[in-house]
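Just so we're aligned, residue -16 is where the sequence shown starts under this note's numbering, counting upward by one.
From the three backbone atoms N, C-alpha and C, an ideal C-beta is built for every residue, glycine too.
Please read all numbers here as calculations on a predicted model, not as lab measurements.
Data first, discussion second: the structure below is written as structure tokens.
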Amino acid sequence: MAVEESAHGVNWIVAERGMGQSPCRAQDGACFVYMSAIRILFLGDIVGEPGRKAVIEQLPLLKQSEALDFIIVNGENSAGGKGITSKIAIDLLRAGAAVITTGDHVWDQQEIVDYFPTEPRLLRPINYPAGTPGAGSVVLETAKGRIGVIQAQGRSFIQPPLENPYLAVEKEVERLRAEGVVTLVLDYHAETTSEKIAMGRMLDGKVSLVVGTHTHVQTADERIFPGGTGYLTDAGMCGPDDSVLGRTVESVVWRFKSGMPTRFPIAKGPVRLCGVIVEVDAENGKCLSIKRFDLLIEDDA
Ligand SMILES: [Fe+2]
Ligand SMILES: [Fe+2]
-16 MAVEESAHGV NWIVAERGMG QSPCRAQDGA CFVYMSAIRI LFLGDIVGEP
34 GRKAVIEQLP LLKQSEALDF IIVNGENSAG GKGITSKIAI DLLRAGAAVI
84 TTGDHVWDQQ EIVDYFPTEP RLLRPINYPA GTPGAGSVVL ETAKGRIGVI
134 QAQGRSFIQP PLENPYLAVE KEVERLRAEG VVTLVLDYHA ETTSEKIAMG
184 RMLDGKVSLV VGTHTHVQTA DERIFPGGTG YLTDAGMCGP DDSVLGRTVE
234 SVVWRFKSGM PTRFPIAKGP VRLCGVIVEV DAENGKCLSI KRFDLLIEDD
284 A
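Structural data, given as structure tokens:
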């Protein structure tokens, strides 16, 4: 058993596999982390230059301080709020993201269409028609076993209308589990809470984490369902805190008051990073713990 001090001054006691039945918190405040636990950070929609600069700066630090094994980020708004470019994808991967998910803004930057087939770690929703560039899932080998990530898009108040996400995800989860992949994360990019909760319940016991994206507002309903699936309706966004979903307050308020078309510039100022951290049992894919992640970075990125 080894004791390590993290950057935050927390003593992590790392036990060998088989020394305990499940993670527990010691009475002296030290944290036990068993070698079979995989620590995964998921960050919600990265908005514009402020969001992506903050994420790129913080990921290496968070990987250390939070003892992360695997990082997933949603990059659908990372290019000026509209889509993602190949350069931004490369920068996020180099900073430590293992997988980048997207959403309804996936095709906003035209050059990304040709980049998708070259980068399997960049996902688009799985419920696009067959033949769509890119893929909606990926499995990566890690030091703690294979980890699969799937992305799907909802069908309420969101465009374009895609194929049934529940059937598409169910089929893919069954395929991956049949291949022996037990650590599975789904990013469900959808507008309504009911769509997301239903997806989480449908997959309870079959995946490690179902986390929602798209609304840019973090919900406070993190929990572990009875079958062992971690769940959060929306991860929130990584972008300017003093804003309306990452855009300037003035522009969005004016739009709602006037009803007139206008541009929505990306806001400035301190950036808030939002997401979720889960610990997953690598042996069976069950979620052991879940906590919301919310970090305000005071310096303007
Ligand atoms: Fe979206
Ligand atoms: Fe978004």
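The beta carbon of Gly117 sits closer than 6 Å to the beta carbons of Phe99 and Arg107 from its chain, once the five residues preceding and following it are set aside; these are given in chain order. It is roughly 10 Å from the alpha-carbon of Lys240 to the alpha-carbon of Ser234. In the DSSP assignment, Gly213 falls within the beta strand (DSSP E) that extends over Gly213 to Leu215. The residue from Lys269, Ser19 and Pro253 with its alpha-carbon nearest to that of Val30 is Pro253. Taking the Cα positions, Val168 is about 10 Å away from Gly268. With contact defined as three or more Cβ pairs closer than 8 Å, the stretch 175 to 186 and the stretch 146 to 163 are in contact. Taking every protein chain shown into account, the CB of Thr198 has 16 or more other CB atoms within 10 angstroms, so this residue is buried.
If you draw a straight line from the Cα of Ser226 to the Cα of Pro43, it comes to about 26 Å. For Gln47, no beta strand (DSSP E) run applies; the uninterrupted alpha helix (DSSP H) run containing it begins and ends at Gly31 to Ser48, by DSSP.
Between ligand 1 and the CB of Thr196, the shortest heavy atom gap is smaller than 8 Å. Remark: C-beta atoms of Gly229 and Ile249 approach each other more closely than 9 Å.
In the DSSP assignment, the residues bridged to Ala118 are Leu106.
Cβ-Cβ distances below 7 Å link Asp224 to Gly252, Pro253, Val254, Arg255 and Leu279 in the same chain, with the five nearest sequence neighbours on each side left out; the list follows chain order.
Distance from the C-beta of Asp170 to the nearest heavy atom of ligand 1 is not below 8 Å. Shown here for Ile141: same chain residues with a beta carbon closer than 6 Å to its own, the five before and five after excluded, namely Asp87 and Glu174 in chain order. Nearest Cα to Val193 within the set Arg238, Gly163, Gly66 and Ile55: Ile55. Counting the other Cβ atoms within 10 Å of the Cβ of Ala126 gives fewer than 16, which makes it exposed.
Residue state for Gly79 is assigned as coil, using DSSP reduced to three classes. Bridge partners of Glu157 according to DSSP: none are assigned.
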